[in-house]
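Taking my numbering, the leading residue of the sequence shown gets 61, the next gets one more, and so forth.
We treat Cβ as the ideally placed atom computed from N, Cα and C, and that holds for glycine.
No experiment lies behind these values; they were computed from the predicted model shown.
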Amino acid sequence: MRLDWQKRAVILFAASLLILSVVLVFFAIREAEREKLLKEREIEGKQQRLVEGIDGRARTLIGEAENRVLQAVKKNRSDAHPAQAAADLKGPLVDIPCVSEVFFVDNDDQVVFLNARPLFLLSGEKPRYRDVSSSWDNDERWKRAEEAEFRLNDYSLAASLYQDLATKTADQALDALLVNRLARCYTKSGKHEKALGAYRQQLRIGLPDLISEGIPLDISSLYQIGNIHLHRGQREEAAGAFLDLYQGLLDSRWPLTRSQYEAFRKLAEDRFRMAAGELDASLQSAWDGRLQDLKKIEKTRMASTGILENVQGRIIPRLRLEAREMDADSGKFLRIAETIDSGLILASFLPLNKETILGLLLDPQALANGLFPPASEKSGREEGLSVAIVDESGKVVAGPGLLSQEGSEKSGDPQLVSTGGFADSFPPWAIRIYRSGVGAVERQFRMRRNIYILSLVVVIAALFFGGFLAIRSTAKELKLARMKSDFVATVSHEFRTPLTSIRYMAELLQRGRVRDEARKQQYYEAITGESERLSRLVENLLDFSKIESGMKEYRMEEADIAALAADVATRFRQQAGFKDFTLETEIAGGLLVIQADKESLGRAVFNLLDNAVKYSGENPRLVLRAWSGEDAVCLQVEDYGIGIVISEQKKIFEKFYRSEVAMESDVKGTGIGLPLVEHIVRAHGGKVLLESEAGKGTRVTIRLPVRRSEEKKEDENG
Ligand code: ADP
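Next comes the structure, spelled out in structure tokens:
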């Protein structure tokens, strides 16, 4: 009942602690979850702000560029014709950030670029040539001169006629044409020096838009100069002339269509190679270097020409389509983005007046580079956020992740977490936000949760263990208490039985009721036996209590075990003489002498004999043996009684323990005999061995080690 109450208290305590821990852990996990969500949301907010910040910066940069261009234009006359407006502006607009070009578009879609000049006429652009040869069509002298040159092949006549005409004209263009004709006649008649002079004179007049027979006069002059030099073996001069032609083409000196440009450019290069090909190696490489320089220039010019061509061919048509939305007064620019093979064109337009639209080209790369102010990078870094701007094809245009991105994507870190864009898709790029350590928040949360759960498990385990210990120790305590009270009862009983019989026999003797001498003697022996039994009991109890309190002392002396065994057997026979048993002794001769407390050891053997009689059952036969082995002396008591079941063989050495059979069969006992025996034997450094089988008997052996005389001496010396 008491145990139940204590058990219940322990279980209740453990259960309430358990519930409390579970509740605490539950709330802790929920709190951790909430924190995780907040953190995630905060990071998402940061991502959003990063995108907004970059977009905002793009708006600002573009807006600033547009306004500055507009202001620069307005400072001049904004109502000017495109060409005029461009001419007026030239200069001040070079270094507005992000603006790569400013241009004006008229109602005929003719575009005038402020700085950039295409290498050739753009499609749709009207060429501005001057062909003066037709103005001579009706002139007699001109006809005669041409006849002399082409039909009669009389070049000197032709030359004098051309010269004659030249003296009579005040028009520079006509003059230039005549000098060119003159030079041709000189060339044909082999007067190379004169021809060179005439061609150079024509070039000096400097009218690049002058053409004759579809070819700009300057080009034919330069070409002829080169040819004459080549003819005369003046290779360097020839190479120089052809490179001049190439340079002139790159300078867009002449209004040429694309195919014309390409044809002349090829001609210039071929001829140059022909001229430079046979020069000395060192000269040749110097000239080749010049050619390569020009080619490099051509490459960049070609690229920008491509952009201008696309402005003309694709942006302007779109402008016309979308122009309805444009409002001159609103001051709001119309922005058009167009992706072409070689990249992206970003254009922005505002009508200046009814005829002219102001346009500007933004440099995509400069714009992209301007989108990353160091501050915004920093704010994202804390969360491991990095930004990259990618174009429609997925190519990274700008961003801190520009270099490390590919490699790190493989390792899974950083990962793309969100994608944003620019307002109105201008520029048509995506803003990608990468986060390194994605899942760090989740990992942190999981770790915390695991720690909570683990601690819960630990608490549960501790509670179980503690509860188990508490319950076990109370159970043990209770058992001990019960044993003690049993012990008191049995001890009292043990005392009462001999006392009663002593008193009874003493009274009989006192009153003289026993007459027979032999019977009297028997009574005296019984009284002595019973009182010796009592005093043995008392001694056992005293010994036991000394052992319990740790006060038991042993007096070691030289002991002859054979004598000790014989003595115990004799005393036992005397003292238990009234009981019905036979005790055999098998005591070997020449037993070793050992150090022992004779009294205690004797009591131990006496106890064993006592047990053997008590538990002898139907067969009250006992054997006491003593012998000495290699290194031990043994004392053994054997009986053929009730025996001990295996499960109890260890327990009977515990204090107060009595076997169930013993209790049931009403054999008196205190449960301290065997513990006492064990303690005494241990004190001698020996061991108690028990062999027993239920119903067959028991053999208890005391094995006492013998210390060799040499060892003993060593010990004494040491
Ligand atoms: P007790 O006073 O009960 O004899 P012991 O400590 O001497 O106390 O013995 C403990 C128990 O061991 C006994 O109660 C008995 O059950 C068992 N026991 C001891 N010796 C023998 C034996 N020779 N044969 C059978 N049982 C024995």
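Determine whether the beta carbon atoms of residue i and residue j lie at a separation below 8 Å.
i, j, result
"Ala-407", "Leu-420", "yes"
"Ala-236", "Leu-270", "yes"
"Leu-684", "Leu-643", "yes"
"Leu-221", "Arg-201", "yes"
"Ala-397", "Ser-485", "yes"
"Val-519", "Ser-81", "yes"
"Gly-300", "Asp-278", "no"
"Leu-523", "Ala-74", "yes"
"Ile-417", "Val-129", "no"
"Arg-508", "Ala-92", "yes"
"Leu-327", "Ile-357", "no"
"Asp-169", "Ile-376", "yes"
"Leu-445", "Arg-495", "yes"
"Ala-664", "Ile-704", "no"
"Leu-238", "Leu-256", "no"
Which residue comes first and which comes last in the alpha helix (DSSP H) that contains residue i?
i, result
"Val-697", "Looking at the DSSP string, Val-697 is not in any alpha helix (DSSP H); the run it does join, the beta strand (DSSP E), is 692 to 699."
"Asp-214", "Taken as a continuous stretch (DSSP letters only), Asp-214 belongs to no alpha helix (DSSP H), as it is neither H nor E."
"Pro-411", "No alpha helix (DSSP H) holds Pro-411; the beta strand (DSSP E) holding it covers 403 to 411."
"Tyr-675", "Counting along the chain, Tyr-675 falls outside any alpha helix (DSSP H), and DSSP gives it neither H nor E."
"Gln-573", "For the sequence presented, residue 573 should be read as Arg rather than Gln. Neither: Arg-573 is in no alpha helix (DSSP H) and is coded neither H nor E."
"Arg-325", "318 to 336"
"Tyr-246", "232 to 248"
"Arg-260", "252 to 265"
Using the beta-carbon count (16 or more within 10 Å), is residue i buried or exposed?
i, result
"Trp-65", "exposed"
"Ala-686", "buried"
"Tyr-215", "buried"
"Leu-368", "buried"
"Asp-353", "exposed"
"Pro-487", "buried"
"Pro-315", "buried"
"Asp-576", "exposed"
Mapping DSSP to helix, strand and coil, what is residue i?
i, result
"Lys-186", "coil"
"Ser-160", "strand"
"Pro-765", "strand"
"Ala-522", "helix"
"Phe-87", "helix"
"Gln-294", "coil"
"Gln-709", "coil"
"Glu-415", "coil"
"Ser-561", "helix"
"Glu-70", "Rather than Glu, the amino acid found at residue 70 in this sequence is Val. Reduced to three states, the DSSP call for Val-70 is helix."
"Thr-645", "strand"
"Val-760", "strand"
"Asp-620", "strand"
"Arg-361", "helix"
"Leu-422", "strand"
"Tyr-306", "helix"
"Leu-445", "strand"
"Gly-459", "coil"
"Ile-376", "helix"
Report all residues from its chain with a CB closer than 8 Å to the CB of residue i; omit the five preceding and five following residues, and keep chain order.
i, result
"Thr-479", "Ala-490, Ile-491, Arg-492, Ile-493"
Residues in the same chain with beta-carbon distance under 7 Å from residue i, minus the five sequence neighbours each way, listed in chain order, please.
i, result
"Asp-657", "Tyr-614, Arg-615, Met-616"
"Phe-547", "Phe-716, Thr-730, Gly-731"
"Gln-635", "Gly-589, Glu-592, Arg-593"
"Ile-79", "none"
"Phe-393", "Glu-126, Ser-408, Phe-409, Leu-410"
Excluding the 5 residues flanking residue i on each side, which residues of the same chain have their C-beta closer than 6 Å to its C-beta?
i, result
"Arg-374", "Glu-398"
"Pro-558", "Glu-590, Arg-593, Leu-594"
"Thr-645", "Ala-629, Leu-684"
"Ser-160", "Leu-421, Asp-423"
"Arg-101", "none"
"Tyr-306", "Ala-328, Leu-354"
"Val-741", "Val-748, Ile-762"
"Arg-318", "Phe-180"
Which residues mark the beginning and the end of the beta strand (DSSP E) in which residue i is found?
i, result
"Thr-479", "475 to 481"
"Ala-686", "681 to 688"
"Phe-173", "171 to 173"
"Ala-397", "394 to 400"
"Ser-752", "747 to 753"
"Ala-656", "653 to 656"
"Arg-742", "From DSSP, Arg-742 is part of no beta strand (DSSP E) but of the alpha helix (DSSP H) over 733 to 743."
Verify the CB distance criterion: does residue i have a CB-CB separation below 8 Å to chain B?
i, result
"Phe-713", "Checking the listed chains, one finds no chain B in this structure; it contains a single protein chain."
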